[in-house]
Amino acid sequence: MNENNDDDCFNIEEGNDYDVGEEITGLVCFSGGKDSTAMLLRMIELDDPIKYPITRICFADTTFEFPDLYAYIDHIQLYLDSNYPERGFVIEKLQSKRTWDDWFYGEITRGKAKGAIRGAPFTTQPCWWSREAKVTPLEKAAKEINANFQFIGIAADETRRISKNPKTIRYPLVDWGWTEQDCMAYLEHLGIPNSLYENFNRLGCFHCIKAGPADFHATWANHPEEWKIAKHYSAENTRLVGRNWIPAYTLEELEELFEQGFVPKRHRELECNTCNAVSFFSDGTVEMEDFDTDEAIEHDPRFKDSSMNKTIIEEAKEKIEWVPPSQRATKGLGWI
Ligand code: SF4
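In terms of my numbering, the sequence shown is residues 264 to 599.
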């Protein structure tokens, strides 16, 4: 572990809007994943209210987390209670007012697809549920304490997830040089590893459209109740908007393959930038993506997004012709 405590790496004096003597407030964005857990516990250990003020610890609940994750969060709370009783840390669980169903069954509000059922978020676009269930509640929580800093658990080997770095956002793991592996090792050292990583590459909503077949296989094999819910929304998405859950398959089709013994290889899944932590895209503010515009090129069912990158998206936007959901076939979309 290459922890670097050099003040140069964490210059809180530079460019921040608070006066000397004023209480410095910090919101820890805690997801229950290995990185944000390691970050939180190390911040507590360092006990430095100037560099690492911990005014609130907030977990933004998507309501689609694995039961094991909720249990792990409770376990971390107990750990805090027994190891730091005098500091009174409370992990707050935040939930948005609008539900997943409000969005999923809601209508697109503008653009060419206005009036159509929105359906699931798009695989390669920012996720509306991430904004609703995570970014917005965390932003609100930060405002309520007038947070000088928000602490985000992005590991030092994941810095591509940091876009522009607003002055109020801090990435302690990056400052310390802690990689994902370091975070795992640290939690093991403390005796509180997160067992979900035995089966999953990434945590987040169990039905996430950005998860890969390997994660769906793990859900199918280990979490039958959650798999049933994921399949439900996959079927609804195909029925209502004509899109498969992942480009090549519905989850029902994947299940048939799993039952025949198909075990998908692991590869890097598409990421939810706001699930393991919150990413802030523009300088000092959270970019609130507009999900209802025609820019969402996955409205085109011919679009095969498995190897997408930004250039391809831009090129594709030039070429494709948008097809309204009502005119799409629900099978044989040519995505396989
Ligand atoms: S885990 Fe997936 S579905 Fe859940 S908020 Fe993130 S991108 Fe969206």
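We put the CB at the ideal spot given by N, CA and C, even for glycine.
- When the alpha-carbon of P456 is set against those of L290, P384, S294, A301, the nearest one is in A301.
- The segment 342–351 makes no contact with the segment 471–481, as fewer than three CB pairs between them are under 8 Å.
- When the beta-carbon positions are compared, E489 and F521 stay at least 8 Å from each other.
- For I455, no beta strand (DSSP E) run applies, since DSSP gives it neither H nor E.
- Of all C-beta pairs linking the segment 357–373 to the segment 328–348, fewer than three are shorter than 8 Å, placing the two stretches out of contact.
- When distances are taken from the beta-carbon of K528 to the heavy atoms of the ligand SF4, even the shortest one reaches 7 Å or more.
- The shortest CA-to-CA distance from P312 to any of E285, A419, I380, F322 is the one to E285.
- Per DSSP, I380 lies in no alpha helix (DSSP H) and is assigned neither H nor E.
- Put simply, the segment 332–343 touches the segment 292–300. At least three CB pairs are less than 8 Å apart.
- Just measuring C-alpha positions, the residue of L514, K360, I380, V504 sitting nearest P400 is K360.
- Between the segment 412–422 and the segment 376–396 there are fewer than three inter-stretch CB-CB distances shorter than 8 Å, so the stretches are not counted as touching.
- The beta carbons of W483 and A383 sit about 18 Å from each other, so the pair does not count as a contact at 8 Å.
- For V526, same chain residues with a beta-carbon under 7 Å away, outside a window of 5 residues either side, are H480 in chain order.
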